Each structure stands twice: as structure tokens, then as C-alpha cells.
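Q: Numbering (the numbering used here), first residue to last: 946 to 1274.
Ideal Cβ placement from N, Cα and C applies to all residues, glycine included.
It should be emphasised that the depicted structure is a prediction, and the values quoted were computed from it without experimental measurement.
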Ligand SMILES: [Mn+2]
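Written as C-alpha cells, this is what we have:
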């Protein structure tokens, strides 16, 4: 592999598949439809190129950050390119903003397309395209890039919610790894009903339950409905005075996740304050382990925002001590 040609934007993808190394593993993002589509498509591409089934692994960001990149060769998709992945015979196909520049890895990168789209373009070069996949990748693009003006926007969010609701591996098992089976899948009807019934109720409730974390960041409580759409609608209709809105939820592993949304690019910088990442207007962060629930998360985040201005509050230990004492109140 020619290391000089290590960075490709998707306009120069032609012939790209010929330079891909035979991977020991394919790694994708566990949290959404884009990760599922991208990962499964790369598995198909590897089968086409190398005639074998390469194992697929999926991770949420926080676990992924702790996983050693130990394989001699791997393909990674829908997870941000970072310096630690800059390894010979590693390939990253991704669309998240990144500051790292590849010297050894191959980076196929375009922030204007979904990861699924980038993987599909590679597949198409190898004759793996089909009308069903065209459709699915389109819907995935619309949902993942939040293309709200697209006529398929609502339907696309239903598709994306299949993964949110049933989770990556459950859904993967249910469709036997055949992405085409997602098209017009009966479970979409469940997503549609949830959207129609739950979202208006959730929107009205959340609108009256927004709390200030900083003068520019509001925390939106969510109890029902599609949080993503509800927060989007709150921003769209300027229903609050905050340019950045946060939702919080607790994972099964007890970590609290903060999800940041904005309309003018402010969300990413806020996520970065919490060691998170993602897109300019849609980003997320996993809060430290010491933050054990949503109430503590609200407290912690307020302290982090306040700490920026007050130098007296500058160490993380202090913050954790504060959380501890706050929890005992
Ligand atoms: Mn994505």
C-alpha cells in the first residue's frame, strides 16, 4: 500500500477497493442504523474481495476507546478516526470530523455522507449494489445526516429507530444479517405508531421541562417519544432560549450519556468539554463513572460549566468530591 495515498475523499474512491488490506476484523459503531449498515456492508465487501467471512464487532464509543487496536489489519467504520488508529494495514471509513491526519492508516473520509453511504460506494465498485440497498442507504443517509427536508425524513427516522429500539445485535440476528430485510420490515409499523402517538405527548411534556445548565445550554428532560425528534423540534421552533440542548440517559452499564444538539454548530464544542465528540450539531459524551445517575449528571455538568469561569474550581477530583457530597444530601 502506498502510504502517500492514505487519505481519500469519496470523490476519488475509484479503484480504492483494490488497495484495501485483508482485515482480521471489521469494527463498527453499535449505537445506530448507520453503524449497522456500514458494518454489514464492509463484511460483504471483505467476502467479495477475500472470499471469507470476516468477524464483525460493534462498540459504543466509551468501550471502543478502551479497546486495544491489536489486530495486524482491521477495517473500522462509523467511529471517528483517531491517532491511535493510525496503523499500517488499518482502514477507517468514516464521516465524523477529525483533527488527526493519517500517516499509515488508510482514511476514507467525507463528512457530507453517512458512513453507510461511504461503505456502499466501495461495495458498488465491486458490483455489490442493488435497488434494495440503494433504498436502504438513502434512508440511512437521510436519518443519519438529519436531512429534514427530504420527503422520506419521517420514514427514515422510523428505520433508524429500529436499531435504537431493538438494539444492534438483536436486529442483526432477527434479519439474519440481511440488510435487505429491513426494507418495509413489519417492525416499522411499530416505529410509526410510536412516532405518531408518543412524539406529540413527549414534545409537550419536554417543552415545559427544560432546565438551565449554563446560559447557553439547556437540559431537556425526556420521558416519552423520540428524543432526537423532540429536541430537534424544540430547537427548530426556538421553544427555549438555549442554543444547545442536552438530553441525558443511563446505559445498562450504568454510565450516563449526554447527547448535545444545536442548529449553528455549537453542540460539538460543548461535547468536547466532556471528552465527547461527533458532529457539529449532533454530538455526545459519556460522563465519568463517578456520575451515577441523571441527577448527578445535571449537577456535574453545571459544575463543569461554572468551572470555566471560576478558577477556584479547577480539578476533576474536586468535582468528584462535590458530586459525592452532593449525592449524600
Ligand atoms: Mn454515522
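Taking 7 Å as the cut-off, decide whether the C-beta atoms of residue 1049 and residue 1036 are in contact.
A: As a working note, residue 1049 is residue 104 in the chain shown. As a working note, residue 1036 is residue 91 in the chain shown. Contact flag unset, no.
Q: Could you check if residue 1023 belongs to the surroundings of ligand 1, using beta carbon to heavy atom distance under 6 Å?
A: Residue mapping note: residue 1023 aligns to position 78 of the chain shown, counting from 1. It does: the Cβ of residue 1023 is within 6 Å (strictly closer) of some heavy atom of ligand 1.
Q: Counting along the chain, where does the alpha helix (DSSP H) carrying residue 1002 start and finish?
A: Sequence index remark: in the chain shown, residue 1002 carries index 57 (1-based). That residue, residue 1002, is in no alpha helix (DSSP H); its beta strand (DSSP E) goes 1001–1004.
Q: Sorted by chain position, which residues of the same chain lie with C-beta nearer than 6 Å to residue 1172's C-beta, five sequence neighbours on each side aside?
A: By 1-based counting over the chain shown, the position of residue 1172 is 227. 1192, listed in sequence order.
Q: Out of curiosity, what's the CA-to-CA distance linking residue 947 and residue 966?
A: Reading the chain shown from its first residue, position 2 is the one you call residue 947. Reading the chain shown from its first residue, position 21 is the one you call residue 966. Interpretation of residue 947 is limited by its pLDDT of 38, a score under 50 that renders its predicted location unreliable; the figure taken from the coordinates is listed afterwards. Residue 947 and residue 966: Cα-Cα distance of roughly 12 Å.
Q: Roughly how many whole angstroms lie between the Cα atoms of residue 961 and residue 994?
A: For the purposes of this step, residue 961 is taken as the residue at position 16 of the chain shown. For the purposes of this step, residue 994 is taken as the residue at position 49 of the chain shown. Whole-angstrom Cα-Cα distance: 12 Å.
Q: What are the boundary residues of the alpha helix (DSSP H) that residue 1229 is part of?
A: Here residue 1229 refers to the residue found at position 284 when the chain shown is read from its first residue. Taken as a continuous stretch (DSSP letters only), residue 1229 belongs to no alpha helix (DSSP H), being part of the beta strand (DSSP E) at 1227–1231.
Q: Taking just the CA atoms, how far does residue 1069 sit from residue 985?
A: Position 40 of the chain shown, counted from the start, is the residue given in the question as residue 985. Position 124 of the chain shown, counted from the start, is the residue given in the question as residue 1069. Near 14 Å, if we compare the C-alpha coordinates of residue 1069 and residue 985.
Q: Take residue 1106 and list the residues in its own chain whose beta-carbon comes closer than 6 Å to its own, dropping the five residues that flank it on each side.
A: For the purposes of this step, residue 1106 is taken as residue 161 along the chain shown, with counting starting at 1. Contacts found: 1136.
Q: Just reading off the beta strand (DSSP E) that residue 1158 is part of, what are its end residues?
A: Walking along the chain shown from the start, residue 1158 turns up at place 213. Residues 1155–1159.
Q: Within the same chain, show all residues whose beta-carbon is closer than 6 Å to that of residue 974, passing over the 5 residues directly before and after it, in chain order.
A: Taking the chain shown and counting its residues from 1, the one referred to as residue 974 is at position 29. So the qualifying residues of the chain are 980, 1023 and 1024.
Q: Residue ranges of each alpha helix (DSSP H) run of no fewer than 4 residues wholly in the stretch 1117–1161, ordered along the chain?
A: Taking only runs of at least 4 residues, the alpha helix (DSSP H) segments lying wholly in the stretch 1117–1161 are 1132–1152.
Q: Beta-carbon within less than 8 Å of residue 1099's beta-carbon, same chain only, minus the 5 sequence neighbours each way: which residues are those?
A: Against the chain shown, residue 1099 aligns to sequence position 154. Counting only Cβ-Cβ distances below 8 Å, and skipping sequence neighbours, we find 1140.
Q: Along the beta strand (DSSP E) that carries residue 1051, what are the first and last residues, could you check?
A: Counting from one through the chain shown, the residue named residue 1051 turns up at place 106. First-last of the beta strand (DSSP E) with residue 1051: 1051–1054.
Q: Can you tell me whether residue 1167 is helix, strand or coil according to DSSP?
A: Numbered from its first residue, the chain shown carries residue 1167 at position 222. Looking at residue 1167 - three-state DSSP - the assignment turns out to be coil, as it is neither helix nor strand.
Q: Is it right to say residue 1144 is buried, meaning 16 or more other beta carbons lie within 10 angstroms of its own, or is it exposed?
A: Here residue 1144 is taken as the residue at index 199 of the chain shown, counted from 1. Buried, since its Cβ has 16 or more Cβ neighbours within 10 Å.
Q: Along the beta strand (DSSP E) that carries residue 1197, what are the first and last residues, could you check?
A: As a working mapping, residue 1197 is identified with position 252 in the chain shown. Per DSSP, residue 1197 belongs to no beta strand (DSSP E) and is neither H nor E.
Q: Assuming the contact rule is C-beta atoms closer than 8 Å, residue 1165 and residue 1151 should be a hit. Round their C-beta distance to whole Å, please.
A: The residue labelled residue 1165 in the question sits at position 220 within the chain shown. The residue labelled residue 1151 in the question sits at position 206 within the chain shown. The pair is a contact, with the Cβ atoms about 5 Å apart (cut-off 8 Å).
Q: Using the C-alpha atoms, what's the distance from residue 1086 back to residue 1062?
A: The residue given as residue 1062 occupies position 117 in the chain shown. The residue given as residue 1086 occupies position 141 in the chain shown. Approximately 7 Å, taken between the alpha carbons.
Q: Considering only the alpha carbon of each residue, which of 1246, 1010, 1002 and 1146 lies closest to residue 1020?
A: The sequence position of residue 1020 within the chain shown is 75, counting from 1. Out of 1246, 1010, 1002 and 1146, 1002 has the C-alpha closest to the C-alpha of residue 1020.
Q: Write down the C-beta distance between residue 1026 and residue 1005 rounded to the nearest angstrom, noting that I regard them as a contact closer than 8 Å.
A: The residue labelled residue 1026 in the question sits at position 81 within the chain shown. The residue labelled residue 1005 in the question sits at position 60 within the chain shown. Between residue 1005 and residue 1026 the Cβ distance is about 17 Å, and since that is not below 8 Å, they are no contact.
Q: Alpha carbon to alpha carbon, how far is residue 1189 from residue 1207?
A: One-based indexing of the chain shown puts residue 1189 at position 244. One-based indexing of the chain shown puts residue 1207 at position 262. Roughly 5 Å between the two C-alpha positions.
Q: Taking 6 Å as the limit between beta carbons, can you name the residues of its chain near residue 1154, skipping five residues before and five after?
A: Position 209 of the chain shown, counted from the start, is the residue given in the question as residue 1154. If we look at residue 1154 and ignore the five residues flanking it on each side, its Cβ neighbours are 1166.
Q: Residue 1185 lies in the alpha helix (DSSP H); which residues open and close that run?
A: Within the chain shown, the letter at position 240 stands for residue 1185. Segment: none, residue 1185 is in no alpha helix (DSSP H) and carries neither H nor E.
Q: Rounded to whole angstroms, what's the CA-CA distance from residue 1040 to residue 1010? Just pull it up for me.
A: Within the chain shown, numbered from 1, the residue matching residue 1040 stands at position 95. Within the chain shown, numbered from 1, the residue matching residue 1010 stands at position 65. Roughly 17 Å separates the two Cα atoms.
Q: Would you list the one or two residues that DSSP bridges to residue 1021?
A: Position 76 of the chain shown holds residue 1021. In the DSSP output, where bridge partners are listed per residue, residue 1021 has 972 and 1037.
Q: With DSSP collapsed to three states, give me the class of residue 1219.
A: Translated into the one-based positions of the chain shown, residue 1219 becomes position 274. Here residue 1219 sits in coil by DSSP.
Q: For residue 1190, write down the residues that DSSP places opposite it in a beta bridge.
A: Translated into positions along the chain shown, residue 1190 becomes position 245. According to DSSP, which records beta bridges pairwise, residue 1190 is partnered with 1163 and 1206.
Q: Taking only three categories from DSSP, how would you classify residue 1178?
A: What you label residue 1178 is simply residue 233 of the chain shown in a count that begins at 1. Looking at residue 1178 - three-state DSSP - the assignment turns out to be helix.
Q: Using the Cβ count rule (16 or more neighbours within 10 Å means buried), how would you classify residue 1058?
A: What you label residue 1058 is simply residue 113 of the chain shown in a count that begins at 1. The residue is buried, with at least 16 neighbouring Cβ atoms inside 10 Å.
Q: Here's a check: name, in chain order, each residue in its chain whose Cβ is nearer than 7 Å to the Cβ of residue 1184, leaving out the five neighbours to either side.
A: Here residue 1184 corresponds to residue number 239 of the chain shown, with the count starting at 1. 1152, listed in sequence order.
Q: Taking just the CA atoms, how far does residue 1169 sit from residue 1198?
A: Residue numbering aside, residue 1198 sits at position 253 when the chain shown is read from its first letter. Residue numbering aside, residue 1169 sits at position 224 when the chain shown is read from its first letter. Spanning the two alpha carbons is a distance of roughly 21 Å.
Q: I need the DSSP call for residue 1067, collapsed to helix, strand or coil.
A: Residue mapping note: residue 1067 aligns to position 122 of the chain shown, counting from 1. If DSSP states are grouped into helix, strand and coil, residue 1067 belongs with the helices.
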